[in-house]
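Right, one structure below, let's go through it.
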Amino acid sequence: MRFVLLGLLLLLAAANACAQDYRLPFAGRWFVMQGGDTPNVNHHMSVRAQYYGIDFARVDGPGQRALAQGSASKIEDFYSWGAAVLSPVEGEVIAVSDEFPDNPLGVKDALNPMGNGVVIKAGADRFVYLAHFQKKSITVRPGQKVAQGQEFGKCGNSGNSDFPHIHMHVQDTPTFNAGTGQNIVFTGMNVEMTGKQFRKVDWPVISGLFVWNE
Numbered sequence: 000m001r002f003v004l005l006g007l008l009l010l011l012a013a014a015n016a017c018a019q020d021y022r023l024p025f026a027g028r029w030f031v032m033q034g035g036d037t038p039n040v041n042h043h044m045s046v047r048a049q050y051y052g053i054d055f056a057r058v059d060g061p062g063q064r065a066l067a068q069g070s071a072s073k074i075e076d077f078y079s080w081g082a083a084v085l086s087p088v089e090g091e092v093i094a095v096s097d098e099f100p101d102n103p104l105g106v107k108d109a110l111n112p113m114g115n116g117v118v119i120k121a122g123a124d125r126f127v128y129l130a131h132f133q134k135k136s137i138t139v140r141p142g143q144k145v146a147q148g149q150e151f152g153k154c155g156n157s158g159n160s161d162f163p164h165i166h167m168h169v170q171d172t173p174t175f176n177a178g179t180g181q182n183i184v185f186t187g188m189n190v191e192m193t194g195k196q197f198r199k200v201d202w203p204v205i206s207g208l209f210v211w212n213e
C-alpha cells in the first residue's frame, strides 16, 4: 500500500510539474530588468496580482550586453523593438488587446498599463499575461489554442512602458490585477550571472541575469 501511495504522489508531482512548464518568451539573449521576490530588486512586488512579474529586454552589440544601438534616441534603436514574442506555455488565449499606440521614448501610458497584450489560460488557476506588444502585431485571438514557443506578436512599447521590453506575470485569476501573482520557474534555459554560465537549468529569474533558451 505504501508503494501505491508513493506512486500516486509521484504522478501528481509530475502532473503539477508539467502544468508549470514555462519557457522564456523569446529567442536570443535577453536581460532581466525586473525580477525576483523582493521590492528592492522587483517593483512588481508592490502589486499583489503581479508578484514575481518580470521585465525582459533584448541585448546585442559588442559583448552582447547593450540594450540599444547608437544614442538610443528613439524606440527603434532598442534591440527589443520588433523582436518576436513567443508563447511561454501551451494553453488557450482568453484575451487580446492590440489597439494601443507605441509610446515615444520616455513616455508611458499609465491609464492602460498592459497596452497591447495577450492573456493565456495555462491551467485552472494559471493565467499568463504578456504585455507591451507593438500595435497591430498580435496574430492570435481569444479562443485560439497556442503551443509553447509559438510566435504570436512583436515586442513594442505600448502601455505603461518607457522603452521596448516584454513584461510577463502569472496570476491565479483571469481578471487583470486581481488575485495573487505566481512564481515562475523557466525550464531548460541558459543563464549568465557575474560572468558565469549555467546551461539547461530550471530556475526562477532575478534582476541582473542574462538569459536565453537552449
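Per numbering that gives the first Met the number 0, residue 0 is the first one in the sequence shown, and the count goes up by one each step. Ideal Cβ placement from N, Cα and C applies to all residues, glycine included.
Straight-line gap, residue i to residue j (C-alpha atoms, nearest Å)
i, j, result
"V210", "W29", "5 Å"
"F132", "Q68", "20 Å"
"N182", "I119", "16 Å"
"T179", "G81", "30 Å"
"M44", "Q149", "28 Å"
"S79", "N41", "20 Å"
"A65", "G27", "13 Å"
"Q170", "I93", "13 Å"
"V46", "S206", "17 Å"
"G90", "F175", "18 Å"
"P24", "A121", "14 Å"
"E213", "H166", "21 Å"
"F197", "M188", "8 Å"
"P173", "P112", "16 Å"
"S86", "F151", "7 Å"
"H154", "S70", "Per the sequence presented here, residue 154 reads as Cys, with His not at that position. Straight-line Cα distance between these residues: approximately 20 Å."
"N115", "G60", "28 Å"
Coarse secondary structure for residue i, derived from DSSP in three states
i, result
"Q33", "strand"
"M188", "strand"
Own chain partners of residue i with C-beta closer than 6 Å, once the 5 adjacent residues on each side are dropped
i, result
"E107", "In the sequence under discussion, the amino acid at residue 107 is Lys, which differs from the Glu named in the question. Counting only Cβ-Cβ distances below 6 Å, and skipping sequence neighbours, we find N159, D161."
"H221", "Outside the displayed span of the chain (0 to 213) sits residue 221, for which this structure offers no information."
Residues of its chain near residue i, where Cβ-Cβ distance is below 8 Å and the 5 sequence neighbours each way are ignored
i, result
"L208", "F30, V31, G34, V190, E191, M192"
"W202", "V184, F185, M188, V190"
Below-7 Å beta-carbon distance, residue i vs any chain C residue
i, result
"M44", "Note that chain C does not occur in the displayed structure, where there is just one protein chain."
Expected contact under 8 Å - CB spacing of residue i and residue j to nearest Å
i, j, result
"Y50", "F185", "At roughly 16 Å, the Cβ-Cβ gap does not stay under 8 Å, so Y50 and F185 are not in contact."
"D101", "I74", "6 Å"
"V229", "V127", "Residue 229 is absent from the model: the chain starts at 0 and stops at 213."
"A48", "A177", "6 Å"
"S157", "F99", "4 Å"
Close beta carbons around residue i, own chain, < 7 Å, minus the five adjacent residues each side
i, result
"V95", "V117, I137, V139, R140, P141"
"G105", "D161"
"K144", "E91"
"V204", "V31, G34, I53, F185, V210"
Heavy atom of the ligand FMN within 6 Å of residue i beta-carbon
i, result
"D171", "The ligand FMN is absent from the structure shown, which contains no ligand whatsoever."
* May I have a chain-ordered list of the beta strand (DSSP E) segments no shorter than 3 residues that lie completely inside the stretch 46 to 95? => 53 to 57, 83 to 85
* Continuous beta strand (DSSP E) assignments of at least 3 residues falling wholly in the stretch 122 to 178 -> 125 to 132, 150 to 153, 165 to 170
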